[in-house]
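K.L.:
Sharing a structure below in structure tokens format, with a few things to ask.
Numbering (full-length UniProt numbering), first residue to last: 1 to 1244.
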């Protein structure tokens, strides 16, 4: 028998118990197990409570559990005796004792230690061995403290559960023990197998870092435990004791950076910074032999040295914090994969931009910039257009920065290069960069009046030009749009900034490449002045004049195109001395007053006159003139003098006019024929102002004056001819501009503006201070416009010409000046207007346009019309008549071959409705005559003809057949008929060029008898609707109702009267107004007709009775006549044959019932007469044969006298069929005798 727990001594507090375990000893005797016993004895049985108990795991007799509870303090020995009592079968049983010491004492001290989780690496926290008072714990996970109790000898208590303890914290904001978080008491085995009690207490942390002290104090015993153990009273009290542990709350361990790309080079090492945590770490790697890691504990870093390319995870384990997983850093050891350069591909000359270089590893991740020195990173330009300077500061830790300085205009490329650890060079892809000239906005200063506009343009900058973003400092002064158009709004000063932007290829962000500013000044005109280059001019010369403001900055650009505008009115004080003409008058233009800020002045006869201009405002409220004035004026004096010339003898002196530093090649009519010699005739005392060489090149220098040259022609036949000419070198005083070609118009009317789409040539002429024109000059012309969206300007064939093409309708101002002498300038108005009329708005499909223009060619012949899309707009090439056949935008061109091609854009809309209107006429049955006409309007307007049409255009309309674009649809306005309207009526579309209307002409076809009958008894109207043959037409179709009159209808086709039946009725159906005006005539006085009955209810009819005038009928032969029924309203007439025959008394009357037997085969009167006589003869023969065969008493109906019957038609149901007939169909009569011939025997 052995003692297992405790091995020798058990130590508990008062009121606590100890479960002791004994193992071994004798077992129950098999034959008599009841004799088995276990006896417990103690030295002082009153001080303790002993009991044996069985645990679920100790049901065998090997284990013996004894529970000992302490009732009073003290120490004694407890003995357990196990054995069997003697029996017959076991007289000498085995009995074995075991003893253990049980101490019930007072604890003398308590201890607190943190509980550390089992490390995954089986490494213990060093704090467990160091027993430090300050213990680091995580401020994110609640730590667990282990409480243990010891006696004075330093022995740990096996059980101290009866103690009453209190937990406290010095900083409850960092950590505290909640009252409801009770201490958990557990038993743990020590090394000897004895179970000792541990009190586990969870401390609540609040995610704050700092230091706090957690203390536990044992204040006494728990009364519940003392009562349960039946402790003797009184007992010795427990002196309070406590234990304290200092906790430092820290963050979980973190590493920085977590991802590192390391260049695979022996001179490289990477640093991993280890932050927070307990300070006790273990570092290892996921894969061996990729990196080598050294942990520098004092510096808190881990040094990583690359060994081989690859990927590895460095893990940092915190040994003293309950951390679920280690902190990890991913290390990528890589060689150089590639490198690239990022730079804005444009830099202004003299400016700088930054270039950035990155080096990428095998995973396309950038290396740290600190490795670049090992890599020997360099950035080189392909040429010396740019210079490069490395920068110390960089965009980030992975980028090297360089400063790129534009040195010269041009394009080059930048290339970065590095060296790997083997010394091999690796290059980046070349990055293009352009150095562009300085970006400048023009003009440098803008002066405008309120309402005037000018466009800011630029020079230099990027090519091709990128979009310029404009902004203004004060939007109350002026406005600017995206194209640089500036408009004056209010008086004041501001600045406009233009910024050129480019897109960074990598970031996609806009980068400002260059910018510039111009000044804007919005002013009022306080005064105007006439700018005239000279005030004395020769007769026969001309000069330009224009209006300026009070300062030189107030040019026509400042006010020439203001809205509301200004008008300029010019006059002279003396007539005939000066002629004032508008600009471009040499090309047959007569500009309006609002464009006349510049004029041409012609010197006619000698004299002195005043030239005056009055400038008026169209709207004084626009505040364009100072002090709200309505007009400003100026006047100058101009003297016209006669040119010097010889009167006696009357010869013309020749003079060549050159500007300084110019040249001209002299040409004569004897070039290539005779030998020419040139020389200057000035004497030795005079310095010649020109030079001439043997080829005839005449050059002027910088001197001003006159010289004389001699041109000698040595003819092959021995004669010399000589010309002496004066050469005058003089500075240029002004320039003048003329336009060509001359545009011819009908009736020689002057044009009011430049036609849209024409190309014109402007020639610049230079004049001296008296108005003479230079033969040669050295000026370099500059041109500018106030905006670029209405005209296009380009250089001409020679230096002094330029070409203008008008591209949009609007007003442009043109300035031409000498680049070296800005004072020599001229301003020209360029108004552009349409030359094709009329101005077309709201054009819809179906409209006919009579286009016109005043432009003709030099011979007076018109040009050629065309359309950009004939399927949309069909144009007659000769007359200009156009038909809109589909919706869309189309351009009409008018071209005079070799001269001009003007155009106008037309928008053709889809019409929203078509309207049919019945104007007059009733459709009648006259064959082939259009009895009714319906006007069709397409769209909202009542006419579809636009413009004033000439007779030739009206004729051309018929050739274009515009009516083919509409369709006329017919139907009845009721469902009375079961046949469609187009079976009866024909609707022909047409166009009336005189009235400008589409029409539908309705004609009634020939009717069948059935159709006539149904139409005459019914009452309905014809509905006419028109539609457009347009691919997008789905609008409203408004119809018109057209009355029609099919005529009247008789129910008899022939009539038969006899001496026995002297009268018969005929019923006429038709409209009431027709029946009221019927005319009935008999062809013979033997027969008369009179009206018997008339009915106005549907169907309306009239009944006429036809009878014999004299009842006595001649006994021999028969009488044939006609009954004629006619209507003056419809011009319809029907003729009904009437036959009068004589019958003997013995014959029965022949009575017609239903349809007559003659109805189906009588085509003419001859057939009808022949048939009547044949019937009479046949009847007589049959009667005779009858009496010969049968007895006189028998009566039979002879089949020869039984007329065939036609089908009966109800008056209430009738069908419609589209045709008119003039031979009415007979219908049955309801009140008729039996249709048979009866006869009696001759013998009666």
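Every residue, glycine too, gets a C-beta built ideally from N, C-alpha and C.
For residue 998 versus residue 938, is the C-beta distance shorter than 9 Å?
P.N.:
Here residue 998 refers to the residue found at position 998 of the chain shown. Here residue 938 refers to the residue found at position 938 of the chain shown. The answer is yes: Cβ separation under 9 Å.
K.L.:
May I have the straight-line CA-CA distance separating residue 1198 from residue 980, to the nearest angstrom?
P.N.:
As a first step, residue 1198 is located in the chain shown; it is residue number 1198 there, counting from the start. As a first step, residue 980 is located in the chain shown; it is residue number 980 there, counting from the start. For residue 1198, the predicted model reports a pLDDT of 32, less than 50, meaning its position is unreliable; a value from the coordinates is still stated below. Computed Cα separation, rounded: 45 Å.
K.L.:
Restricting to runs no shorter than 3 residues, where is the beta strand (DSSP E) found entirely within the segment 1020-1064?
P.N.:
1022-1028, 1036-1038, 1040-1042 and 1055-1058
K.L.:
Can at least three beta-carbon pairs, one atom from the segment 872-881 and one from the segment 844-863, be found at a separation below 8 Å?
P.N.:
The segment 872-881 vs the segment 844-863: in contact.
K.L.:
Could you name the residues of the same chain whose beta carbon sits closer than 6 Å to that of residue 1029, not counting the 5 residues immediately before and after it, in chain order?
P.N.:
Locating residue 1029 in the chain shown gives position 1029, counting from the first residue. Cβ within range, chain order: 965.
K.L.:
Of all the options 36, 200 and 177, which has the alpha carbon lying nearest to the alpha carbon of residue 112?
P.N.:
One-based indexing of the chain shown puts residue 112 at position 112. Closest option to residue 112, Cα to Cα, is 200.
K.L.:
So within the segment 187-267, which uninterrupted alpha helix (DSSP H) runs reach at least 4 residues, ignoring any that extend past its ends?
P.N.:
223-229
K.L.:
Taking only the alpha-carbon atoms, compute the straight-line gap between residue 688 and residue 666 and give it to the nearest angstrom.
P.N.:
As a working note, residue 688 is residue 688 in the chain shown. As a working note, residue 666 is residue 666 in the chain shown. Residue 688 and residue 666: Cα-Cα distance of roughly 18 Å.
K.L.:
Please list the terminal residues of the continuous alpha helix (DSSP H) segment that includes residue 291.
P.N.:
Position 291 of the chain shown, counted from the first residue, corresponds to residue 291. Element bounds for residue 291: not the alpha helix (DSSP H) but the beta strand (DSSP E), 291-296.
K.L.:
Based on Cα-Cα distance, which residue from 176, 30 and 586 lies nearest to residue 88?
P.N.:
By one-based count along the chain shown, residue 88 stands at place 88. Out of 176, 30 and 586, 30 has the C-alpha closest to the C-alpha of residue 88.
K.L.:
Tell me the rounded alpha-carbon separation between residue 549 and residue 530.
P.N.:
As a working mapping, residue 549 is identified with position 549 in the chain shown. As a working mapping, residue 530 is identified with position 530 in the chain shown. Straight-line measurement puts the Cα of residue 530 at about 9 Å from the Cα of residue 549.
K.L.:
Extract the residue ranges of the beta strand (DSSP E) inside the segment 736-787, only unbroken runs of 3 or more that lie entirely within it.
P.N.:
759-767 and 781-785
K.L.:
For residue 421, write down the residues that DSSP places opposite it in a beta bridge.
P.N.:
Position 421 of the chain shown, counted from the start, is the residue given in the question as residue 421. Looking at the DSSP assignment, residue 421 forms no beta bridge with any residue, so it has no partner.
K.L.:
For the segment 670-699, which segments carrying the beta strand (DSSP E) assignment without a break, of at least 3 residues, lie completely within its bounds, in sequence order?
P.N.:
Scanning the segment 670-699 for uninterrupted beta strand (DSSP E) segments of 3 residues or longer gives 675-680 and 690-692, listed from N- to C-terminal end.
K.L.:
Can you tell me where the beta strand (DSSP E) with residue 485 in it begins and where it stops?
P.N.:
Here residue 485 corresponds to residue number 485 of the chain shown, with the count starting at 1. Residues 485-488.
K.L.:
Just to confirm, is the Cβ distance from residue 1056 to residue 1086 under 9 Å?
P.N.:
On the chain shown, position 1056 is the one that residue 1056 refers to. On the chain shown, position 1086 is the one that residue 1086 refers to. No, these two residues do not count as a Cβ contact at 9 Å.
K.L.:
What number of angstroms, rounded off, separates the C-alpha of residue 974 from the C-alpha of residue 1143?
P.N.:
One-based indexing of the chain shown puts residue 974 at position 974. One-based indexing of the chain shown puts residue 1143 at position 1143. Taking the straight line joining both Cα atoms gives about 50 Å.
K.L.:
If we ignore side chains and look at the alpha-carbon of each, how far apart do residue 448 and residue 588 end up?
P.N.:
By one-based count along the chain shown, residue 448 stands at place 448. By one-based count along the chain shown, residue 588 stands at place 588. The alpha-carbon atoms of residue 448 and residue 588 are separated by roughly 31 Å.
K.L.:
So which of 645, 661, 662 and 660 has the shortest CA-CA distance to residue 654?
P.N.:
Reading the chain shown from its first residue, position 654 is the one you call residue 654. Among 645, 661, 662 and 660, the Cα nearest to that of residue 654 is on 645.
K.L.:
Could you check the C-alpha separation between residue 209 and residue 136 for me, to the nearest Å?
P.N.:
Counting from 1 along the chain shown, the entry for residue 209 is found at position 209. Counting from 1 along the chain shown, the entry for residue 136 is found at position 136. Using only the alpha carbons, I get a separation of about 10 Å.
K.L.:
Indicate the three-state DSSP secondary structure (helix, strand or coil) for residue 969 in the structure shown.
P.N.:
Working through the chain shown from its first residue, we reach residue 969 at position 969. The answer is strand: DSSP assigns residue 969 an E or B state.
K.L.:
Consult DSSP for residue 827 and reduce its assignment to one of helix, strand or coil.
P.N.:
The residue labelled residue 827 in the question sits at position 827 within the chain shown. Note: residue 827 maps to strand in three-state DSSP.
K.L.:
Is residue 906 near residue 883, with beta carbons less than 9 Å apart?
P.N.:
Within the chain shown, residue 906 is the residue found at index 906, counting from 1. Within the chain shown, residue 883 is the residue found at index 883, counting from 1. Judged by beta-carbon spacing, residue 883 lies beyond the 9 Å limit of residue 906, meaning their Cβ atoms are not closer than that value.
K.L.:
Across which residues does DSSP place residue 471 in a beta bridge pair?
P.N.:
Position 471 of the chain shown, counted from the first residue, corresponds to residue 471. 497, per the DSSP bridge assignment.
K.L.:
Mind checking which residues open and close the beta strand (DSSP E) that includes residue 1300?
P.N.:
Nothing about residue 1300 can be reported from this structure: the residues present for the chain run from 1 to 1244 only.
K.L.:
Express the C-alpha separation of residue 348 and residue 622 in angstroms, rounding to a whole number.
P.N.:
What you label residue 622 is simply residue 622 of the chain shown in a count that begins at 1. What you label residue 348 is simply residue 348 of the chain shown in a count that begins at 1. Taking the straight line from one Cα to the other gives about 43 Å.
K.L.:
Roughly how many angstroms lie between the CA atoms of residue 583 and residue 817, to the nearest whole one?
P.N.:
The sequence position of residue 583 within the chain shown is 583, counting from 1. The sequence position of residue 817 within the chain shown is 817, counting from 1. Straight-line Cα distance between these residues: approximately 17 Å.
K.L.:
Do residue 159 and residue 183 have their CB atoms nearer than 9 Å?
P.N.:
Translated into positions along the chain shown, residue 159 becomes position 159. Translated into positions along the chain shown, residue 183 becomes position 183. Not in contact: residue 159 and residue 183 (Cβ atoms no closer than 9 Å).
K.L.:
Kindly indicate the opening and closing residues of the beta strand (DSSP E) around residue 951.
P.N.:
Your numbering for residue 951 matches position 951 in the chain shown. Here residue 951 belongs to no beta strand (DSSP E); instead the alpha helix (DSSP H) covers 951-960.
K.L.:
Where does the unbroken alpha helix (DSSP H) through residue 1073 begin, and where does it stop?
P.N.:
Translated into positions along the chain shown, residue 1073 becomes position 1073. From DSSP, the alpha helix (DSSP H) with residue 1073 extends over 1072-1076.
K.L.:
When the distance is taken between beta carbons, is residue 1001 closer than 9 Å to residue 933?
P.N.:
What you label residue 933 is simply residue 933 of the chain shown in a count that begins at 1. What you label residue 1001 is simply residue 1001 of the chain shown in a count that begins at 1. Closer than 9 Å, so yes.
K.L.:
Can you list, in chain order, the residues of its chain with a C-beta nearer than 6 Å to that of residue 595? Leave out the 5 residues immediately preceding and following it.
P.N.:
Here the question's residue 595 lines up with position 595 in the chain shown. Only 829 and 831 meet the Cβ criterion.
K.L.:
State buried or exposed for residue 15, treating a residue as buried only when at least 16 other CB atoms are found within 10 Å of its CB.
P.N.:
Walking along the chain shown from the start, residue 15 turns up at place 15. With 16 or more Cβ atoms within 10 Å of its Cβ, residue 15 is classed as buried.
K.L.:
Does DSSP classify residue 1012 as helix, strand or coil?
P.N.:
Here the question's residue 1012 lines up with position 1012 in the chain shown. Helix.
K.L.:
Is the segment 476-492 close to the segment 598-609, with three or more CB pairs under 8 Å?
P.N.:
no
K.L.:
Which whole-angstrom value describes the C-beta separation of residue 434 and residue 346, a residue pair presumed to lie in contact below a C-beta threshold of 8 Å?
P.N.:
Position 434 of the chain shown holds residue 434. Position 346 of the chain shown holds residue 346. The C-beta distance from residue 434 to residue 346 rounds to 5 Å, short enough to meet the 8 Å contact threshold.
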